[in-house]
């Protein structure tokens, strides 16, 4: 039998994070969950309460604990990455940063983007930006993740991997409201604003990304890796799947030159190439295989 691992999950008490914790526990691993105390982890996990932005608080909460792996679900800024690197040095054999497809937000490539297209060691880090301002952080999400990756790439104090997660769909606990936004507009016949040049994107099912992170904990690869189901989906395909689930309504699109557009519509092309992860041994599904299921999970039974 495989020896149980000591795994620390920072954050991750909702959506695919909680699914990852469930997989680790089911595999017999000893799981410690660290958060600010807003919610308790699943039964069987050790719960530590600390503010990961406070280095002294984080250090005190961890005490003398060491880990085989750390999965950091809530590292959004280079400041948080600097603290994590200092505190976890000498404490873990492996660190997995949950990053994002949004690190590629400045790309515009017909070919799916590959990991070297954003070279973390060459990304400039600016710790003086207002990373503590929620509005700034929200509008600079991709930049925060790029710079967080850059911190670890510049001085890898321990083996680390950065999982660049595609747009996640599925589950009845999808808290983003993006699919509900489309469903509401389709039901009412309200137009859905999309760019004139609206590019397709890469997606992954909530259960598949949990599987991927669980798999990544047990691997030894380092550096960035794209995690996305095979295939690109257009906004139209996503809306067609939502319309097919509803009792009535159809998607009506309004193409706009400028201004705010609906979620999952993109002025730049940066669908991800998942060939590195595939070569490393992970087997992805195709997005079109699970799209209808994801819509049904999130929207539930239509009551119109």
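In the numbering used here, the protein residues as written are 14 to 317.
Think of the CB as a built atom: it goes at the ideal place given N, C-alpha and C, for glycine as much as any other residue.
According to DSSP, residue pairing for residue 279 in a beta bridge involves 212. With 16 or more other Cβ atoms from the protein chains shown falling within 10 Å of its own Cβ, residue 183 counts as buried. In the structure shown, the three-state DSSP call for residue 242 is coil. Our two residues, residue 159 and residue 92, have alpha carbons roughly 12 Å apart in a direct line. Cβ-Cβ distances below 8 Å link residue 112 to 158, 161, 162, 175, 176, 177, 178 and 237 in the same chain, with the five nearest sequence neighbours on each side left out; the list follows chain order.
In this structure, the CA atom of residue 22 is about 6 Å from the CA atom of residue 45. Note that the C-beta distance between residue 264 and residue 199 is below 8 Å. With a beta-carbon spacing of about 19 Å, residue 280 and residue 241 fall beyond the 8 Å limit used to define contacts. In the displayed model, residue 237 falls within a strand according to three-state DSSP. The beta-carbon distance between residue 297 and residue 221, rounded to whole angstroms, is 7 Å. This is short enough to meet the 8 Å contact definition. Between residue 292 and residue 239, the beta carbon gap of about 11 Å keeps them out of contact (Cβ cut-off 8 Å). Counting C-beta atoms within 10 angstroms of its own C-beta, residue 275 has 16 or more neighbours from the protein chains shown and is therefore classed as buried. Taking 8 Å as the cut-off, the Cβ atoms of residue 219 and residue 89 do not count as close.
Cα atoms of residue 228 and residue 295: separation of roughly 8 Å, rounded to the nearest angstrom. Within the same chain, Cβ atoms closer than 6 Å to the Cβ of residue 70 are found at 63 and 64, the five residues on either side in sequence being excluded.
Between the stretch 73-86 and the stretch 143-156, the count of Cβ pairs shorter than 8 Å is below three; the stretches do not touch.
Residue environment: residue 54 is assigned as buried (16 or more neighbouring CB atoms within 10 Å of its CB, all protein chains considered).
The beta-carbon distance between residue 245 and residue 213, rounded to whole angstroms, is 4 Å. This is short enough to meet the 8 Å contact definition.
Between residue 283 and residue 128, the beta carbon gap of about 12 Å keeps them out of contact (Cβ cut-off 8 Å). Collapsing the DSSP output to three states places residue 81 in coil.
Bounds of the beta strand (DSSP E) holding residue 266 are 266-269. Per DSSP, residue 263 lies in no beta strand (DSSP E) segment and is marked neither H nor E. Across the structure, residue 223 and residue 181 are spaced so that their CA atoms are roughly 10 Å apart.
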